[in-house]
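Participant: For the sequence shown, my numbering assigns the number 34 to the initial residue and increments by one for each residue that follows.
Ideal placement from N, C-alpha and C gives every residue a C-beta, glycine not left out.
Since the model is a prediction, treat every value here as computed from it, not as a measurement.
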Amino acid sequence: MSEALEVHGPQVEEDRLIDVYRAQRDVPSPWVAISDQVMGGVSNARVSQCERSNSSASCLTGQTSLDNNGGFVQMKLDIGPAYSLANFQGLFIELCGPAHEYNLHIKTSQLDRPWQSYRHTLRVEPYWIRFNIPYSQLSPHRTDIELDPAQIKSIAVVAIGEAFDVDVCVRRAGFYI
Numbered sequence: 034m035s036e037a038l039e040v041h042g043p044q045v046e047e048d049r050l051i052d053v054y055r056a057q058r059d060v061p062s063p064w065v066a067i068s069d070q071v072m073g074g075v076s077n078a079r080v081s082q083c084e085r086s087n088s089s090a091s092c093l094t095g096q097t098s099l100d101n102n103g104g105f106v107q108m109k110l111d112i113g114p115a116y117s118l119a120n121f122q123g124l125f126i127e128l129c130g131p132a133h134e135y136n137l138h139i140k141t142s143q144l145d146r147p148w149q150s151y152r153h154t155l156r157v158e159p160y161w162i163r164f165n166i167p168y169s170q171l172s173p174h175r176t177d178i179e180l181d182p183a184q185i186k187s188i189a190v191v192a193i194g195e196a197f198d199v200d201v202c203v204r205r206a207g208f209y210i
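(1) Quick check: what's the CA-CA separation for ILE188 versus GLY74?
(2) From GLN57 to SER89, what distance separates their C-alpha atoms?
(3) Taking Cβ to Cβ, would you say GLN107 is nearer than 8 angstroms to GLN143?
(4) Which same chain residues, not among the five before or five after SER62, have their C-beta less than 6 angstroms away from its C-beta?
(5) Quick one: any contact between the region 124 to 133 and the region 197 to 208, if contact means 3 or more CB pairs under 8 angstroms?
(6) Apply the 10 Å Cβ neighbour rule to ARG204 and answer buried if 16 or more other Cβ atoms are within range, or exposed otherwise.
(7) Closer than 8 angstroms is the cut-off here; do at least three beta carbon pairs connect the region 168 to 186 with the region 135 to 153?
(8) At the level of alpha carbons, what is the spacing between ASP214 and PRO131?
(9) Leaving out the 5 sequence neighbours to the left and right, which residues in its chain are closer than 8 angstroms to LEU38 when beta-carbon positions are compared?
(10) What separation, rounded to the nearest whole angstrom, lies between the Cα atoms of TYR135 and TYR116?
(11) Using DSSP with H/G/I as helix, E/B as strand and the rest coil, what is SER169?
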C-alpha cells in the first residue's frame, strides 16, 4: 500500500487511523455477503478474498435485480464491542472497483428495524480511494434517532436501488481520532 492514495473527506494522518479490518493474503474474509433474497428478491452476491490493484482485499461481486421488489446486495462487517467508538471523529474505508456509486450503511444497537441505518454515498473508482467520513456526514435513514457512535455494531458496503453487475473491494476499514 505504498502507492499514492486518493483521499476523499477530511485529511487524517495515518497515525490517527485505527484499523478494524485490514485485508491479508491467505486470511479468510470476515465480511459477509447479504442479498435481497432474505426478503424474496433475486439479487445474488458473494464475498471472496482477492488481489485488486496490487493489494489483498475482500471483494463483493454479484448482480442486483429489481425483480420481486428487490434491489440490493451488501458486504457487512460486524464491529466488536472492544472499540470505544465514541472517542473517534469518524470512520474510514478504502475501496476500489469499476466506477460506480455504492452506499456505506452503519447499523447501531439503537436501531430495531432492518431497513434503518445511517448512510453515506461513495463514488468508487478503478483505483484505491480512502474515504474519511465524519460521523456528522452519516445521514439517518428511516429513523429519527440521532447517531450514537458508541452504539455502532456493523458497517456495510451496499449496492442498492438499480440493476447492475456489482464489483467492489475493500482492503481497509476502521475509525479515526
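Facilitator: In short, the structure shows the following:
(1) 22 angstroms
(2) Distance between GLN57 and SER89, taken at the CA atoms: about 6 angstroms.
(3) No, they are not a contact pair.
(4) VAL80, GLN82, SER91
(5) yes
(6) Buried, since its Cβ has 16 or more Cβ neighbours within 10 Å.
(7) The answer is yes - the region 135 to 153 touches the region 168 to 186, with three or more Cβ pairs under 8 angstroms.
(8) Summary: the structure shown does not reach residue 214, with the chain confined to residues 34 through 210, and so no result is reported for it.
(9) GLU127, TRP161, ILE162, ARG163
(10) 25 angstroms
(11) The answer is helix: DSSP assigns SER169 an H, G or I state.
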